[in-house]
Structures are given as structure tokens and as C-alpha cells.
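Line by line, the protein sequences give chains A and V.
At position 73 of the first sequence (counting the first as 1) the number is 73 in my numbering, and the numbers step up by one without a gap.
At position 164 of the second sequence (counting the first as 1) the number is 1164 in my numbering, and the numbers step up by one without a gap.
Where is the CB? At the ideal position from N, CA and C, for every residue including glycine.
Quick caveat, the model's predicted, so the values are computed rather than measured.
Protein chains: 2
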Amino acid sequence: MTYEEFGRAVQLSIEDICRGICRGKRDSIKIKNEDVAVRNLTVIFNATLELGNRKGFQAMSLRDLSESTGLSLGALYAYFSGKEELLDLILTQGWLITNRILTEQIPSDGEPLERLRTGIRTHLYLSEMLHPWFFFSYMEAKNLPREEIRKIIKAELFTEKIFSDILEEGTKLNMFRLGKSNIQMTASMIKALLQDWYLKRWKYTQRGVSIDDYALFVTRAIEVIVMPVEPSLSE
Amino acid sequence: MTYEEFGRAVQLSIEDICRGICRGKRDSIKIKNEDVAVRNLTVIFNATLELGNRKGFQAMSLRDLSESTGLSLGALYAYFSGKEELLDLILTQGWLITNRILTEQIPSDGEPLERLRTGIRTHLYLSEMLHPWFFFSYMEAKNLPREEIRKIIKAELFTEKIFSDILEEGTKLNMFRLGKSNIQMTASMIKALLQDWYLKRWKYTQRGVSIDDYALFVTRAIEVIVMPVEPSLSE
DNA sequence: GTCTATAGTGCGATAGAC
DNA sequence: GTCTATCGCACTATAGAC
């Protein structure tokens, strides 16, 4: 699977996220016309992610957001009750979608090696598709209230567990060769490499490293570590 | 070398950083008594790093800082001209020290494998010793003015180059087996793993993974990738 | 060198016209 | 649904007493 194929298979955008929110919160949201609500909420979210990733969510004022969206200060409050709720909406909804796609796309059975490869590619592709959201939620995590932080930590560990489960099964089947403590460390390492893609995208873009190049590199690196005999990185 | 040994060899603390600043800025700083200046600047820096890492530098008010340091609002302004300069002081000085220690500790000649191992350990140990500073500068980087961001990017690439130089030399000497494009990707991967240590320290601490455990894991993982025959990760 | 008091600014949020 | 106008508050930074 390449990123292009993934893009065709998984139609997904910030707009879909917004539609989900509108449906879910038809009571609390003050806008009755769904098309208007979805359209504006999409503009608001994109602007929030852009401003937040550039100067930080705290530093972004609602006046900035107003200017950037073309909506007035007053109008913004028809879509959320305050800055705090805006943050919560973005994070919660993104997290729901991420989990759904990861669970859907990574087969729960089959060859561990194949599942490992699919897991790595799916996570990379998803983070590419929702790059502003992934970057935002990583960078803002530490500034959140305690309850939100617990959610984010749970999400981090959930993703890691997807990989450690695969590694564990492969080890049981004697296809991977990892000691018990190294299973968790390796899963953690996979996560770190997946995150580096969206945290340092400027670097990879600048070097002409495509997401499929990166996926291939990570896959091979992990395979060398978990497999008894090497598919070598050498050219 | 273990972390404990490193700690004895490299005496270093936030206080030393502050003394460097006081000496360097004897003109602009309003405090004449160096001992007082160093002591208070140390308190200010530690509090700034703690508050900044918990709620974000932008969200930290000087009132927070005043309460946390025990100095009054007015007194703080004897040590820096404003929030912006405070940020600049912390980042610039930390960066100077980091570069100095990395350059000092990683031998510029010798066996590439040994230099690789030393480089990994030195960076890990240094980031552990100055953990609040490393975490802070990573997380605040994106919110900085353009000129500061250029500095940080330069620092990122500088560290990466230390590793890609080692990998390149080892490849020339036929001790490592890496294609040209994989040299840079591997160096980038090393950086990502080094950064994961200080970005997710809560996770590793929680799991009882010590910094020396982590250093060993990373070293072995990288060795499996760069070396033709494996020192295996298996137990 | 450190304090208290306060000036001036820009924020989040709301009210009420359209 | 969206606007403008404005309230009350918290912020950065400074002035001047001690």
C-alpha cells in the first residue's frame, strides 16, 4: 500500500471531523442549519490548528481566530462556549477518529510481520492526512488540564499496545526474536519513529524524503531488530 | 560509562548556566553582587522551566513566576528586561552549554563504533542532567520568533551531523554497512530515539526503565542496523 | 536590591441590534 | 446567524518609596 492508495481508501478530512461534532452536539451548538455549521466549524478548526501550531494555543487570541476565520468575535461563540471547549472539541474528536481508523485498518489476525508493516504504514499515513491535528495534539498535550492529559496518555499507550501485541504474537510464533522486556521497548521505539515523522516533517520534506520512503526505512529498521535473519539496510 | 560516572565527570547544573550568564551580561544585568545575582537567577530559571513545562511559557505569567520564586514583580525586572529576554537567555545559554559538552565528550577520532556508543550515551546523559531545559527548548521551539527558530533548527542539524559523520566514517572503513541515503536517515533515527527519552521520561520512569537500560537498548538497536553481523537483541 | 502601587494594554466573554 | 460595542479582569511593565 502507498500513501496515494491509502488516501483513496480512507476518505477523511477535517470537514468530516466537524460533521461528526455537529451531529453529536446538535443540542449544545446554537446553529440549526447543519451545512452552515459544518462549513464554519471546519474553517474554525483549520484556523485554530494553523494558529495553534504556529504560536501555541494559549497565545492564540480569539481576536486572532476571528480575523483568520472572517467571523466576528460574537459569531465564534455560537460554535463553542469558550476557548476551553474549543480545545476539548478538537482533541476529543480527533482522538475518536484516529482510534477508529487505526482499529479498522490494522487487521486483527494474519501474519504478524504483515500486521506490523500495515500498522506502521497506517499510522504514518493517518498522521500525514491529519498532520495539523497530530502535531497540535502532541504539542499542546502538556498544557492541558489533568483530566485531558490522562486521555492523551491513554491514547499514547493504546497505540503502543497495538504494536506490542503484534510483537508479542510474532515472538510466540517464533517469527520474531525478542525478549519480553524488549517487546515493550521495541513498541515504544516504533512509536517514537512514527511520531518523528509528523514532528519533524519540515526536515524530511526539505530532504526530499517522501512518506513512502520513510515508511520503508522504518519498516526495514524494525524488521532488522525483530527478525532473526536480516533483510539488510545496505544498498 | 554509566550515568553515575558521567555525573561525576561532568559537573553541571542550572546554577553553572546562570553564572555564565551573569559573567557574560555584567553590563545589562542590574545586580552588582554576583553571588546574589547567580542565586536569584538560578531560582528564576528553575521556576521558569518548571512553570513553562507544566503550563507553557506563554501561559506562565510573571505573577506566577513572582509567586514561585518568592521575588516581587518589580524585583524580577532587575534580572531581565522582559519576558522575551528571559526566554532568550534560557535558550541561548542552554544551547551553548549543550554544544560545548557534546563536542568535549565525543572524541573526534577513534573507532567509529566506540564513538557512536559514546555519542549516544553522552547525549542521553546530558539530556537527563538538564532534563527540564531539554524538554522546555523542544516544546517551546515552535512558538519562538523566526530568528530563534533558525537557531534551534541549526542545533538540531548540528547534533544530527555529529552522528552522520560517525556513520559515514564507519561506512568508509567498512565497519558499518549503510547506503549513502541511509546514513542520514539513520542519524535522524538516532536523534528521534534520543529525544524520546526526554520527551517521554514519565513513561520510562513508570516502567522502571533506567537511563542506562535505555542507552543499552538504543545502542544495540542502532548497532543491529548499521553492522553487517548482528549482536542480537534476543535474550 | 527589593518592595508596593499603578499605568496602560489586550484579553475572554456577553448584550443587544439587525 | 452574525454583527458591533463594551464590561470586567489579568496581564506586562514601570515608578518611586525604602
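Spatially closest choice to asparagine 1040 of chain V from V/Tyr1079, V/Ile1101 and V/Ile1190, by CA coordinates: Closest option to asparagine 1040 of chain V, Cα to Cα, is V/Tyr1079.
Does any residue of chain A bring its CB to less than 9 Å from the CB of phenylalanine 1006 of chain V? No, because no Cβ of chain A sits closer than 9 Å to the Cβ of phenylalanine 1006 of chain V.
Candidates V/Leu1065, V/Leu1086 and V/Phe1057: closest to cysteine 1018 of chain V by CA position: For the set V/Leu1065, V/Leu1086 and V/Phe1057, the Cα lying nearest the Cα of cysteine 1018 of chain V is the one of V/Leu1086.
DSSP three-state label for threonine 1002 of chain V, please. Coil, per DSSP.
Residues near glutamate 235 of chain A by beta carbon distance below 8 Å, same chain, minus five either side: In this prediction, glutamate 235 of chain A scores a pLDDT of 48, lower than 50, which makes its location untrustworthy; the coordinate-derived value is nonetheless stated afterwards. Excluding its 5 nearest sequence neighbours in each direction, glutamate 235 of chain A has no C-beta neighbour in its own chain below 8 Å.
Could you tell me the boundaries of the alpha helix (DSSP H) in which methionine 60 of chain A lies? Careful: methionine 60 of chain A lies outside any alpha helix (DSSP H) and carries neither H nor E.
What's the C-alpha gap between isoleucine 1162 of chain V and glycine 1094 of chain V? Distance between the alpha carbons of isoleucine 1162 of chain V and glycine 1094 of chain V is about 18 Å.
At the level of alpha carbons, what is the spacing between leucine 102 of chain A and arginine 26 of chain A? Near 27 Å, if we compare the C-alpha coordinates of arginine 26 of chain A and leucine 102 of chain A.
Shortest alpha-carbon distance to serine 1028 of chain V belongs to which of V/Ser1072, V/Arg1201 and V/Ser1081? Nearest option by C-alpha distance: V/Ser1081.
With H, G and I counted as helix, E and B as strand and the rest as coil, what does DSSP make of leucine 130 of chain A? The answer is coil: DSSP assigns leucine 130 of chain A none of H, G, I, E or B.
From V/Glu1223, V/Leu1062, V/Lys1030 and V/Asn1174, pick the residue whose C-alpha is nearest to that of threonine 1186 of chain V; which is it? Among V/Glu1223, V/Leu1062, V/Lys1030 and V/Asn1174, the Cα nearest to that of threonine 1186 of chain V belongs to V/Glu1223.
Establish whether the CB of glutamate 235 of chain A and some CB of chain V are separated by less than 9 Å. Only weak support is given to the placement of glutamate 235 of chain A: the predicted model assigns it a pLDDT of 48, under 50, and the question is left unresolved by the model.
Span of the alpha helix (DSSP H), counted from its first residue to its last, around serine 108 of chain A: Here serine 108 of chain A belongs to no alpha helix (DSSP H), and DSSP marks it neither H nor E.
Please state whether DSSP places methionine 112 of chain A in a helix, a strand or coil. Just to set this straight, residue 112 of chain A is proline in the shown sequence, not methionine. In this structure, proline 112 of chain A counts as helix in the three-state DSSP scheme.
Could you list which residues in chain A have their beta carbon closer than 9 Å to that of glutamine 1265 of chain V, in chain order? With chain V covering only 1001 through 1235, there is no way to say anything about residue 1265 of chain V.
What is the residue span of the alpha helix (DSSP H) that arginine 19 of chain A lies within? Per DSSP, arginine 19 of chain A is one residue of the alpha helix (DSSP H) stretching across 14–24.
Using a Cβ-Cβ cut-off of less than 9 Å, give me the residues of the segment 1147–1167 of chain V that come near chain A, in sequence order. Cβ contacts with chain A: Ile1153, Glu1156, Leu1157 and Glu1160.
Quick check: is the beta carbon of threonine 1186 of chain V nearer than 9 Å to any beta carbon in chain A? Contact with chain A is found for threonine 1186 of chain V, since one of that chain's Cβ atoms lies less than 9 Å from the residue's Cβ.
Figure out for me which residue from A/Leu193, A/Ile211 and A/Arg220 has the closest Cα to the Cα of glutamate 4 of chain A. When C-alpha distances from glutamate 4 of chain A are compared across A/Leu193, A/Ile211 and A/Arg220, the shortest belongs to A/Ile211.
For leucine 1071 of chain V, three-class secondary structure by DSSP: Residue state, collapsed to three classes: coil.
Since lysine 32 of chain A is in the alpha helix (DSSP H), which residue starts that stretch and which ends it? Run containing lysine 32 of chain A: none; DSSP gives neither H nor E here.
Taking one C-beta from the segment 1164–1184 of chain V and one from the segment 171–185 of chain A each time, how about it: are there three or more such pairs within less than 8 Å? The segment 1164–1184 of chain V is not in contact with the segment 171–185 of chain A.
Can you tell me whether glycine 70 of chain A is buried or exposed? The criterion is at least 16 other CB atoms within 10 Å of its CB, across all chains shown. By the 10 Å Cβ count, glycine 70 of chain A comes out exposed.
Integer Cβ distance of phenylalanine 134 of chain A from tyrosine 204 of chain A, believed to fall under 8 Å: At roughly 14 Å, the Cβ-Cβ gap does not stay under 8 Å, so phenylalanine 134 of chain A and tyrosine 204 of chain A are not in contact.
Do lysine 1055 of chain V and asparagine 143 of chain A come within 9 Å of each other at the CB atom, strictly closer than that value? In contact: asparagine 143 of chain A and lysine 1055 of chain V (Cβ atoms closer than 9 Å).
If you count every other CB in all the chains shown that lies within 10 Å of the CB of proline 107 of chain A, and 16 or more means buried, which is it? Flag for proline 107 of chain A reads exposed.
Can you check whether the CB of valine 1218 of chain V is closer than 9 Å to the CB of isoleucine 1120 of chain V? Yes, the pair counts as a contact, with Cβ atoms nearer than the cut-off.
Which of the residues in the segment 1037–1059 of chain V, read from start to end, lie with their CB under 9 Å from any CB of chain A? Per Cβ criterion, the list reads Asn1053, Arg1054, Lys1055, Gly1056, Phe1057, Gln1058 and Ala1059.
Any chain A beta carbon closer than 9 Å to alanine 1221 of chain V: It does; some Cβ of chain A falls within 9 Å.
Tell me the DSSP secondary structure of alanine 192 of chain A in three-state form. Alanine 192 of chain A falls in the helix class under three-state DSSP.
For isoleucine 44 of chain A, tell me which candidate among A/Asp165, A/Gly24 and A/Glu15 has the shortest Cα-Cα distance. Sorting A/Asp165, A/Gly24 and A/Glu15 by C-alpha distance to the C-alpha of isoleucine 44 of chain A places A/Glu15 at the top.
May I ask you to check if the CB of lysine 1154 of chain V is nearer than 8 Å to at least one heavy atom of the ligand COA? The ligand COA is not part of this structure, which contains no ligands at all.
Over the uninterrupted alpha helix (DSSP H) stretch that includes phenylalanine 217 of chain A, give me the two end residues. Looking at the DSSP string, the run of the alpha helix (DSSP H) that includes phenylalanine 217 of chain A is 211–226.
Under 9 Å, Cβ to Cβ, is there at least one residue of chain V near asparagine 174 of chain A? So no, asparagine 174 of chain A is outside the interface.
So what's glutamine 1011 of chain V in DSSP terms, helix, strand or just coil? Under the three-state reduction of DSSP, glutamine 1011 of chain V is assigned to coil, being neither helix nor strand.
Which residue from V/Ala1009, V/Asp1109 and V/Ile1090 puts its Cα closest to that of cysteine 1022 of chain V? Checked all of V/Ala1009, V/Asp1109 and V/Ile1090; the closest Cα to cysteine 1022 of chain V is V/Ile1090.
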